[in-house]
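Student: Following this message is one structure expressed as structure tokens.
Number of protein chains: 2
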Amino acid sequence: MGKKGNLMSVRHDIKVLDATIRDGGLVNDFYFDDEFIRDLYKANVDAGVDYMEFGYKASKDLFDENKFGKWKFCDEQSIRDIVGDNDTDLKISVMADVGRTNYKRDIIPRSESVIDMVRVATYINTIPAAIDMAEYCHKQGYETTVNIMAISNAKESDMKQMLELLGQSSVEAIYLVDSYGALYPEQIREIADMYLEYGEKYGKSIGIHAHNNQQLAFANTIEALGQGVSYLDATMSSMGRGAGNCPMELLIGFLQNPKYNILPVLKFIEKQIIKLKNEGITWGYDIQYLLTGRFNLHPSSAISFTKDKRTDYATFYSELLDKE
Amino acid sequence: MGKKGNLMSVRHDIKVLDATIRDGGLVNDFYFDDEFIRDLYKANVDAGVDYMEFGYKASKDLFDENKFGKWKFCDEQSIRDIVGDNDTDLKISVMADVGRTNYKRDIIPRSESVIDMVRVATYINTIPAAIDMAEYCHKQGYETTVNIMAISNAKESDMKQMLELLGQSSVEAIYLVDSYGALYPEQIREIADMYLEYGEKYGKSIGIHAHNNQQLAFANTIEALGQGVSYLDATMSSMGRGAGNCPMELLIGFLQNPKYNILPVLKFIEKQIIKLKNEGITWGYDIQYLLTGRFNLHPSSAISFTKDKRTDYATFYSELLDKE
């Protein structure tokens, strides 16, 4: 694949998606106050962000409503309480995890909903179930994407088979998700090229969702963008599980299209993110996340290390060696 | 230029340089205790680092010895107190700033010194003075490099003229220095290619020194490496002016040559860097540094913003707009 655009060009195919509530909710069990969500919505509208993801459509049969904030479930009314009829250019998305969503009950027809897009999250081995769910949502009238997590663990041959299946489906976009923050830019470019090849063949857009374990979430996002990837996930101040995501402030600062405006992002961080951090909510690059990224492992052990306020990095390194 | 090596290959031309004292000293006016420096020296030896930079050779005529720690001056005896005769594979470097070093007095013959390399730091408009200093140090027996700072502000035609002059000099390596943390990977690859073209023509190595204003110091370093750059600056936990540098722990984690070992780096961070941070020494990525990087400005205003414990990012953004 050739490069698509450069630092002087505007790409009108770009869609910036704010995943602050959804990935950030993994840090605080989705307990955001309504003012935070209202300010975030306003910041995204003003900043020219294309999509705002409000959270998960998790099944209340599987997850106890008393143990999570409302954005793990994203009831229609919860979103409407914030956005009304959403009379803005910002589209609204929710994420539905394969095996954790009662979609036939909980995903109502789009004509009755303020939601525009459903993103289906899956590991590569549950692609058939993901496609079933995406097709259901498509028939309900939604834009859909399938986001394949932990792609750093996938074999090339499996990836090609998966891309072939997704190419033939009704989804708008296929996401490359580096859940473990394990991938370097040269790997991201290669994987993005593979996705883009199938994307061109079948008329699908390609997206990227990066994690910051090795301080590469922003670099990997803009390198993928340079190859032709167009759906770009970011979060305010990188809020997200473990080392967090691609920081919205860096991404908006990078994009050339004058529709994007960094000032509302700065104001939101100033007012809401600093408050969260002062309350002790913790995320972002640290040695333990670098190590799970480097070992291509789920960040769960690094998250425990952080919660336990440990700083014995050398011991943690030895513990990870045993998990390889 | 073609790519040089990939993730599976070992590049024997790579030289990792630890600049923790020198760039980190800009954060704490070079007031490190001797135990910190001894532990850092031991960590670098054990980690397989190639060079350790002890600090600046600043002139005591210009700078008051009572206002800075000893590593701003790097007296021969100060270094020997730490390393003895340095009977290790780790080489020792110091930095000499053009116009701030009385080099004819303070750079003694290498045969009498434990220092191996002198790195001359210059802006592009003082290249003739930098070459004079480098030639003097070369004649004294040292390895030399010239490090051209703030390259994000230089014109291409000036860069080519400068590279021609340095190509014809006696220096071992020419450094690309992104002092403002302003450059994106695609720009770094282009500039690195230009440097490498002259490097190949004249038999010079090329180096990179990156800053982390946009969380790109590591990405830019490994992308330059992929193009053929071989002298790589890093600091422990990215300690350095403003947003800091390329983190040593990420760089060592990336390199494939088994001579490099991350464990001593982790132990050093655990013991010494956490202590510094707990003492209130501050550096690293933050919104104010992103903004000076994005505006391609010296980080001084962001450093003042940090010292004043300000968090009014939107106001700071407006202040920078006025400086454009």
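Taken in order, these protein sequences are the chains called A and B.
With positions in the first sequence counted from 1, the corresponding number in the numbering used here is that position plus 81.
With positions in the second sequence counted from 1, the corresponding number in the numbering used here is that position plus 81.
Yeah, the Cβ is synthetic: ideal placement off N, Cα and C, and Gly gets one too.
List the DSSP bridge partners of A:Tyr137.
Tutor: Its beta-bridge partners are A:Met176.
Student: Opposite A:Glu237 in the DSSP bridges: which residues?
Tutor: According to DSSP, which records beta bridges pairwise, A:Glu237 is partnered with nothing at all.
Student: For the segment 195–226 of chain B, which residues have a CB atom closer than 9 Å to at least one CB atom of chain A, in sequence order?
Tutor: Within the segment 195–226 of chain B, no residue qualifies.
Student: Specify the secondary structure class of A:Gly365 as computed by DSSP and reduced to three states.
Tutor: Correct three-state label for A:Gly365: coil.
Student: Measuring only the C-alpha atoms, how far is B:Lys84 from A:Val227?
Tutor: Rounded to whole angstroms, B:Lys84 to A:Val227 spans 33 Å at the Cα level.
Student: DSSP three-state call for B:Leu347: helix, strand or coil?
Tutor: Helix.
Student: Taking beta-carbon pairs under 9 Å, can you tell me which members of the segment 298–312 of chain A lie near chain B?
Tutor: Residues passing the 9 Å Cβ filter: Ala298, Phe299, Ala300, Asn301, Ile303, Glu304 and Gly307.
Student: From the DSSP secondary-structure annotation, give me the bridge partner or partners of B:Thr203.
Tutor: DSSP lists B:Ile229 as partners of B:Thr203.
Student: Taking A:Arg375 as the query, report the chain B residues whose CB atoms sit under 9 Å from its CB, ordered along the chain.
Tutor: The answer, in chain order, is Leu331, Gly334, Phe335 and Ile343.
Student: Counting only C-beta atoms, is A:Lys348 closer than 7 Å to chain B at any point?
Tutor: Yes, its Cβ sits closer than 7 Å to a Cβ of chain B.
Student: Using DSSP's beta-bridge definition, name the partner residues of B:Ser286.
Tutor: DSSP, once it has assigned bridges, lists B:Ala254 as partnering B:Ser286.
Student: Between which two residues does the beta strand (DSSP E) carrying B:Lys96 extend?
Tutor: That run of the beta strand (DSSP E) goes Lys96 to Asp99.
Student: Could you tell me the alpha carbon to alpha carbon distance between A:Met82 and A:Ser286, rounded to whole angstroms?
Tutor: Here A:Met82 scores only 49 on pLDDT, less than 50, and its place in the model should not be relied on; the value that follows carries that caveat. Whole-angstrom Cα-Cα distance: 15 Å.
Student: Could you have a look at B:Asp162 and say whether DSSP puts it in helix, strand or coil?
Tutor: Three-state result, B:Asp162: helix.
Student: Can you tell me whether B:Tyr312 is buried or exposed? The criterion is at least 16 other CB atoms within 10 Å of its CB, across all chains shown.
Tutor: Buried, because 16 or more other Cβ atoms sit within 10 Å of the Cβ of B:Tyr312.
Student: Would you kindly report the start and end of the unbroken beta strand (DSSP E) that includes B:Asp314?
Tutor: Residues Tyr312 to Ala315.
Student: Under 9 Å, CB to CB, which of the residues in the segment 252–281 of chain B have a partner in chain A?
Tutor: Those residues of the segment 252–281 of chain B that come within reach of chain A (Cβ to Cβ, closer than 9 Å) are Tyr265, Pro266, Glu267 and Gln268.
Student: Under 7 Å, do B:Arg103 and B:Glu134 count as touching if we go by C-beta distance?
Tutor: Yes, they are a contact pair.
Student: At 7 Å on the CB atoms, spell out the chain B contacts of A:Thr387, in chain order.
Tutor: Near A:Thr387 there are no residues of chain B at all, since even the closest Cβ is about 14 Å away, more than 7 Å.
Student: Taking 8 Å as the cut-off, does the segment 304–311 of chain A touch the segment 230–237 of chain B (at least 3 CB pairs, one atom from each stretch)?
Tutor: At 8 Å Cβ cutoff, the stretches do not touch.
Student: If you count every other CB in all the chains shown that lies within 10 Å of the CB of B:Phe386, and 16 or more means buried, which is it?
Tutor: Buried, since its Cβ has 16 or more Cβ neighbours within 10 Å.
Student: B:Gln278 to B:Gln249, Cα distance in whole Å?
Tutor: Contrary to the premise, residue 278 of chain B reads as Glu rather than Gln in this sequence. Roughly 14 Å separates the two Cα atoms.
Student: How many angstroms separate the CA atom of B:Leu402 from the CA atom of B:Leu372?
Tutor: Near 10 Å, if we compare the C-alpha coordinates of B:Leu372 and B:Leu402.
Student: Between A:Ile182 and chain B, is there a C-beta pair that is closer than 7 Å?
Tutor: Sequence check: residue 182 of chain A is Thr here, not Ile. Judged by the 7 Å Cβ criterion, A:Thr182 is not in contact with chain B.
Student: Based on Cα-Cα distance, which residue from B:Ile368, B:Phe335 and B:Lys220 lies nearest to B:Pro190?
Tutor: With distances taken between Cα atoms, B:Pro190 lies closest to B:Lys220.
Student: Is the shortest distance between the beta-carbon of A:His100 and the beta-carbons of chain B less than 7 Å?
Tutor: Sequence check: residue 100 of chain A is Ala here, not His. Taking Cβ atoms only, chain B never reaches closer than 7 Å to A:Ala100, which makes this a no.
Student: Measure from the alpha carbon of A:Thr182 to the alpha carbon of each residue in A:Asp156, A:Leu171, A:Asp99 and A:Ser194, then state which is nearest.
Tutor: Nearest C-alpha to A:Thr182: A:Asp156.
Student: B:Leu371 touches chain A at which residues, Cβ-Cβ below 7 Å?
Tutor: Under the 7 Å cutoff, chain A gives Glu330, Leu331 and Gly334.
Student: Find out if the Cβ-Cβ distance for the pair A:Tyr256, A:Met214 is shorter than 7 Å.
Tutor: No. Outside cutoff.
Student: Using the Cβ count rule (16 or more neighbours within 10 Å means buried), how would you classify B:Leu88?
Tutor: Classification of B:Leu88: exposed, given that the 10 Å Cβ count is below 16.
Student: Have a look at A:Met240 and A:Ile229 and give me their C-alpha separation to the nearest angstrom.
Tutor: Cα to Cα, A:Met240 sits roughly 10 Å from A:Ile229.
Student: Please compile the residues from chain A whose C-beta is within a distance smaller than 7 Å of the C-beta of B:Glu351.
Tutor: Within chain A, the residues near B:Glu351 are Thr392, Asp393, Tyr394 and Ala395.
Student: Closer than 9 Å, Cβ to Cβ, to anything on chain B: give me those residues from the segment 86–97 of chain A, in chain order.
Tutor: Listed by position, the residues of the segment 86–97 of chain A near chain B (Cβ gap below 9 Å) are Asn87 and Leu88.
Student: According to DSSP, simplified to helix, strand and coil, what is B:His219?
Tutor: Looking at B:His219 - three-state DSSP - the assignment turns out to be helix.
Student: Give me the Cβ distance between B:Ile350 and B:Ser318, rounded to the nearest whole Å; I'm assuming they're in contact under 8 Å.
Tutor: Rounded, the Cβ-Cβ distance is 5 Å, consistent with contact.
Student: Report the partner residues of B:His292 according to the DSSP bridge assignment.
Tutor: Answer by DSSP bridge pairing, in chain order: B:Asn326.
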